[in-house]
Structure formats: structure tokens, C-alpha cells
Amino acid sequence: MYGASLKDQITWNPHFESGWQPTFSANIGTRYDYAKLSPKGLNAACSKACLAEGEPAQSSFSNWSGFLGLDAQTTDTWKFGYQLSTGYRIPTATELYFSFTNAYGTWKSNPGLKSERSINHTLFAKAQNEKGMFDIHLYQTRYRNFLFEQESIIEQTQYGRTYQTPMQQMVNVDNARVNGVEVKGSLNLDTVLSVPKGLKLYGALGYSKGKLSNSTSLLSIQPVKAVLGFDYEDPNGKWGIFSRLTYLGGKKAKDAKTLEIKTRCLAWTDDPWLGRYCSKEELYQSVENYKYLNKSAYLVDLFGFYKVTEDITLRVGVYNLFDKKYHTWDALRGINAHSTTNNIDRNGVGLERFYAPGRNYSASIEIRF
1 MYGASLKDQI TWNPHFESGW QPTFSANIGT RYDYAKLSPK GLNAACSKAC LAEGEPAQSS
61 FSNWSGFLGL DAQTTDTWKF GYQLSTGYRI PTATELYFSF TNAYGTWKSN PGLKSERSIN
121 HTLFAKAQNE KGMFDIHLYQ TRYRNFLFEQ ESIIEQTQYG RTYQTPMQQM VNVDNARVNG
181 VEVKGSLNLD TVLSVPKGLK LYGALGYSKG KLSNSTSLLS IQPVKAVLGF DYEDPNGKWG
241 IFSRLTYLGG KKAKDAKTLE IKTRCLAWTD DPWLGRYCSK EELYQSVENY KYLNKSAYLV
301 DLFGFYKVTE DITLRVGVYN LFDKKYHTWD ALRGINAHST TNNIDRNGVG LERFYAPGRN
361 YSASIEIRF
């Protein structure tokens, strides 16, 4: 594996007759990377799946990426900008070569995988002065050859019997997209109200949506999250106390579409002893809502610091102050539907073990020397 990169920065400071003196800047760069994966012989017995697929061929990946950033500092307070960048991800050795065969599911290698490519656009506006700060980012990312673990249905023959079984395989999906917005800001209350210096309001919001070209959702996309804070920090920096009210949005069903394997009956048989029963079944795929969707939750955190000396700082915090029982979306989307450990039964019993931590505490000491 090797790579090479070039980058440059250009700054322009025009002076207008009106007295306006903005600063314009541009950052531009490009990078080239090359990687080659060469499978080696195993120093252990090869499984049946391994033997069936044979010795995999080596894979090589050649990728160009680049970035362009345009900034405009229009006043002492405001800055605006646009960023364009491209990126890539090469498949891992596991995604390329892992294979496994089982009556309840099969994982198939895919040495022909291509690099995942992305192009990213970001518009932003920032403001900062004695009253506080404000920051908003609008972004869009589009993927080509998106790396995705896809489930399909295949037929296998084992012990003289042919049957259908799910098959997992990493594939390149044609395209995927993510759009979102991030906003955060703070207000120094003493600049607008007659209150002690050091009181501050804080706020943040994050929201994004994602979609794959196969009509399913990008489950890695987080639900909406909003944070409000009321803080006090000693003007001399001796101590501070901070509070946070966090809203975690619930995942909506329309944003959690997945391909699921279901069973349907192709032929029914009437038997005088057994009655009517399905004599021939088949598996099929259907776009369905993900089984486990987290509900929205409100959380309260309190934390602060105290400087014993210039070099020693104590930090303490209480998180999830009201001991709220809730699930994060990350915890639920990571549940393996094909797990053999029976984490959750068909009625959803067992989801409690995926609760986020209840009320918890932290304390630390920082020593600088």
C-alpha cells in the first residue's frame, strides 16, 4: 500500500472604497492511493465452504481523491463557506474473502468487490463575537458502489436434500445518499440581560436522512437529536457547572426499511388424518419495517469542574439524572436477526438487556506537568 498527496492554500484580502475588507481563502488538494491484497495459503484445514470456492485471486485498488474549500470571512463576526471533497473505502479482507456454510445461513465471499466512492458537499455559516457563537452546516453525501452486506436466497444441497437458505454477501450497491443539517450555538446571557457574567445558554440540533438505491434504508443514520444547556463558568476559570437536556428522537418506520426473508406456501394438501397442511413452501424477500425501533427519550445530565490549582482540575458528573430507561438506535439496529444465542424471542422479550445505562456517575482528576 502506498499514497501521495498535494495541497495548496490561497488567500485574497481585497479592500473596497466602502471600507469593507473581507478575507477570501481557498484550499485545494488531491491524493492518490494504491492498495493490493494478496491472499496466502492457510496454515490450517480449509472448511467445505473454503474448498468449494477455491483459492481467491488477489485484489488491487487504485483511488484518486481530492478536496476544495472556499471560505469568506465577510466581517469580524461572520464566516461563510463551501467544501467539496471526495473519498473512498476499500473492502476489508473479511468482506472480500470470508465464507461460511451452515444449514441456517451461508456467508459467501466476493473477491470482485470495488472500492466504495463518495462525493461530499457542505455549506456552512459561522458567527462568533462577545455575545456567543452560532454554527450551521448543511451537508450531502452521495455514494457510488456503496459497500453493503446484502441478504439473498440460494439453494443448497446437503445430505441428499436440496433446500433454500439465506445467503449473506458483501456487494456494491449502485448508489446511496445522505442529507443532513447540524446546528449549534451559545449565548452569553450577561450581554443581553442583567445577570452575572459566566451564565450561558447552549443549544445543538442534528438531523439526517439516508437511502439506498435498492429501496431500503441506511440503518446507520441516527434519529434527530437536540440538546439544550444552561451553564455557569466562573469568569476567572476557577470552576464551572453545566446542565444538559437531551432529546433523542425515535426511529421512524419509514426511515428503517430492510429486506427480510419470509416464507409462503406454494401448495396445500388435504389429508384425512393430518387435515389441511402446506406441502410445499418457498422463501422470498420483502421490504419491511425493521423489527426493533427505539422510542424517543429525554435525558438530563449535570457535570462540572473545579481547579484546585493551575495544574490540577477535578471533574465530576451525573448522567441520566432521572434514571430513564431507554434504548439508543445504535443498540437496537445492531441486533443480529440470525443470532443463535436467542437474545430476543419472537415477542420481543429480551429487549431490556439492550437498555442504555441508567443513572451513572463519573469523577476524574487531571494533572498537567
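All residue numbers for the sequence shown refer to this note's numbering, where the first residue is 1 and numbers rise by one. By construction, the Cβ of each residue, glycine as well, lies at the ideal position given by its N, Cα and C atoms.
Member of the options whose CA lies at the smallest distance from the CA of residue i
i      : options                           : result
Trp107 : Leu96, Leu245, Ser62 and Gly203   : Leu96
Lys184 : Thr141, Thr165 and Ala127         : Ala127
Glu366 : Asn347, Gly112 and Ile312         : Ile312
Leu205 : Leu138, Lys36 and Gly3            : Leu138
Ala356 : Tyr298, Leu266, Tyr306 and Leu219 : Tyr298
Phe230 : Ser5, Gly240 and Phe61            : Gly240
Leu201 : Gln73, Phe134 and His15           : Phe134
Tyr232 : Pro272, Tyr306, Glu182 and Lys254 : Tyr306
Ser364 : Asn343, Arg333 and Phe303         : Phe303
Leu147 : Ala125, Leu113 and Gln158         : Leu113
Lys197 : Ile136, Asp234, Met167 and Gly203 : Asp234
Trp20  : Trp64, Leu6, Met1 and Gln73       : Gln73
Ser152 : Gln9, Ser286, Asp323 and Leu321   : Ser286
Thr92  : Glu149, Lys79 and Lys291          : Glu149
Asn129 : Val316, Ser65, Lys79 and Tyr290   : Lys79
His121 : Asn102, Gln168, Val181 and Thr75  : Val181
Gln168 : Gln222, Gln9 and Thr101           : Thr101
Leu314 : Gln158, Lys238 and Asn27          : Lys238
Beta-carbon proximity check, residue i vs residue j, cutoff 8 Å
i      : j      : result
Lys211 : Arg264 : no
Thr23  : Thr11  : yes
Gly250 : Lys225 : no
Ser59  : Tyr88  : no
Lys262 : Ser217 : no
Arg142 : Ser118 : yes
Glu282 : Gln164 : yes
Leu293 : Ala331 : no
Asp323 : Arg353 : no
Glu288 : Glu310 : no
Val316 : Ser362 : yes
Gly203 : Val227 : yes
Phe61  : Ala35  : yes
Other residues of its chain near residue i: CB distance less than 6 Å, five sequence neighbours each side excluded
i      : result
Asp174 : Ser213
Tyr301 : Residue identity differs from the one stated: residue 301 is Asp in this sequence, not Tyr. So the list reads Arg244 and Tyr319, once near-sequence residues are dropped.
Tyr82  : Leu70 and Leu123
Pro56  : Pro39, Tyr97 and Pro111
Phe67  : Gly29 and Ser85
Arg144 : Arg117 and Asn175
Lys7   : Gly29
Ala4   : Tyr32
Ile136 : Ala125 and Val183
Thr77  : Ala127 and Asn129
Reduced DSSP secondary structure (H/G/I, E/B, other) of residue i
i      : result
Leu189 : helix
Phe417 : There is simply no residue 417 to check, as the chain begins at 1 and stops at 369 in what is shown.
Pro196 : coil
Trp20  : coil
Arg359 : coil
Met167 : strand
Ile153 : strand
Ile221 : coil
Ala1   : Note on identity: in this sequence residue 1 is Met, with Ala being the wrong assignment. Correct three-state label for Met1: coil.
Asp234 : coil
Glu366 : strand
Asn13  : coil
Ser213 : coil
Tyr143 : strand
Gly160 : coil
Lys7   : strand
Leu126 : Going by the sequence as given, residue 126 is Lys instead of Leu. In this structure, Lys126 counts as strand in the three-state DSSP scheme.
Thr309 : coil
Lys131 : coil
Chain-order list of residues whose beta-carbon lies under 8 Å from that of residue i (same chain, five-residue window excluded)
i      : result
Lys131 : Leu187, Asn188, Thr191 and Val192
Thr162 : Glu155 and Gln156
Lys280 : Cys265, Leu266 and Ala267
Glu53  : Ser99, Lys108 and Ser109
Asn336 : Asn343
Ser220 : Gly210 and Arg333
Met1   : Asp33, Tyr34, Ala35 and Lys36
Phe369 : Asp311
Leu351 : Tyr292, His327, Leu332 and Ile344
Chain-order list of residues whose beta-carbon lies under 7 Å from that of residue i (same chain, five-residue window excluded)
i      : result
Asn179 : Gln140, Ser208 and Lys209
Asp270 : Arg276
Residue i beta carbon near the ligand FAD (any heavy atom closer than 7 Å)
i     : result
Asn13 : Among the components modelled here there is no ligand, and therefore nothing to report on the ligand FAD.
What ranges does the alpha helix (DSSP H) occupy inside the segment 312 to 350, keeping only unbroken runs of at least 4 residues that lie completely in it? 329 to 333
What are the start and end residues of each continuous beta strand (DSSP E) run of 3 or more residues lying completely inside the segment 240 to 296, in chain order? 257 to 271 and 275 to 289
Hey, which unbroken runs of the beta strand (DSSP E) at 3 residues or more fall wholly within the segment 33 to 78? 59 to 73
Those runs of the beta strand (DSSP E) which lie wholly inside the segment 74 to 120 and span at least 3 residues: 78 to 89, 100 to 102 and 105 to 107
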